[in-house]
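Asker: Before we start, here is the structure in question, set down as structure tokens.
Numbering (UniProt numbering), first residue to last: 1 to 117.
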């Protein structure tokens, strides 16, 4: 004899899988894992070209043109602190983007003859 399921019981039977998680719960869990992997991948990206970072730091006034290469991470950490970024001293994508934007802003102010500051 066939068993009749009420709407709620049948729905629960169809959507529950292993571990009692609903299909939506499993999809949400998978999406969280995928997004987490994408965002955790950022630190694995290589740093930007050191010469370009040096140029941007000089342009924004965070590095003296005569500074030795070992001073670059210190100058970069100072910029990160001022920009509200984590102070790592590494030229990660977020830092490079903010640094390039700041350099562009300063360039535009200079071109307009406005004070930089």
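Ideal Cβ positions, reconstructed from N, Cα and C, are used throughout, including at glycine.
In terms of residues, what are the limits of the alpha helix (DSSP H) holding residue 103?
Answerer: What you label residue 103 is simply residue 103 of the chain shown in a count that begins at 1. Here the alpha helix (DSSP H) through residue 103 covers 93-111.
Asker: Can you name, in chain order, every residue of its own chain whose Cβ lies under 8 Å from the Cβ of residue 53, other than the five neighbours on each side?
Answerer: Residue mapping note: residue 53 aligns to position 53 of the chain shown, counting from 1. Closer than 8 Å at Cβ, skipping near neighbours: 47, 72, 76, 91, 96, 99.
Asker: Between which two residues does the alpha helix (DSSP H) holding residue 51 run?
Answerer: Against the chain shown, residue 51 aligns to sequence position 51. Residues 50-59.
Asker: Check whether the Cβ atoms of residue 94 and residue 87 sit closer than 9 Å, and answer yes or no.
Answerer: Position 94 of the chain shown, counted from the start, is the residue given in the question as residue 94. Position 87 of the chain shown, counted from the start, is the residue given in the question as residue 87. For residue 94 and residue 87, no; Cβs fall outside 9 Å.
Asker: What does a CB cutoff of less than 6 Å around residue 65 pick up in its chain, not counting 5 residues either side in sequence?
Answerer: The sequence position of residue 65 within the chain shown is 65, counting from 1. Once the five neighbours on either side are set aside, the close Cβ partners of residue 65 are 58.
Asker: Could you please give the first and the last residue of the uninterrupted alpha helix (DSSP H) stretch that includes residue 118?
Answerer: The structure shown has nothing for residue 118, since the chain only spans 1 to 117.
Asker: Just the Cα atoms here: how many angstroms apart are residue 78 and residue 112?
Answerer: Position 78 of the chain shown, counting from 1, holds the residue named residue 78. Position 112 of the chain shown, counting from 1, holds the residue named residue 112. Approximately 27 Å, taken between the alpha carbons.
Asker: I need the straight-line Cα distance from residue 29 to residue 85, nearest angstrom please.
Answerer: Counted from its first residue, the chain shown places residue 29 at position 29. Counted from its first residue, the chain shown places residue 85 at position 85. Approximately 29 Å between the Cα atoms of the pair.
Asker: Look at the alpha carbon of residue 117 and the alpha carbon of residue 32, and state the distance between them as a whole number of angstroms.
Answerer: As a first step, residue 117 is located in the chain shown; it is residue number 117 there, counting from the start. As a first step, residue 32 is located in the chain shown; it is residue number 32 there, counting from the start. Going from the Cα of residue 117 to the Cα of residue 32 covers about 41 Å.
Asker: Going by C-alpha to C-alpha distance, which of 67, 26, 61 sits closest to residue 104?
Answerer: Position 104 of the chain shown holds residue 104. Among 67, 26, 61, the Cα nearest to that of residue 104 is on 61.
Asker: Quick one, which of 50, 68, 83 has its alpha-carbon nearest residue 101's?
Answerer: In the chain shown, the residue the question calls residue 101 occupies position 101. The option with the nearest alpha carbon to residue 101 is 83.
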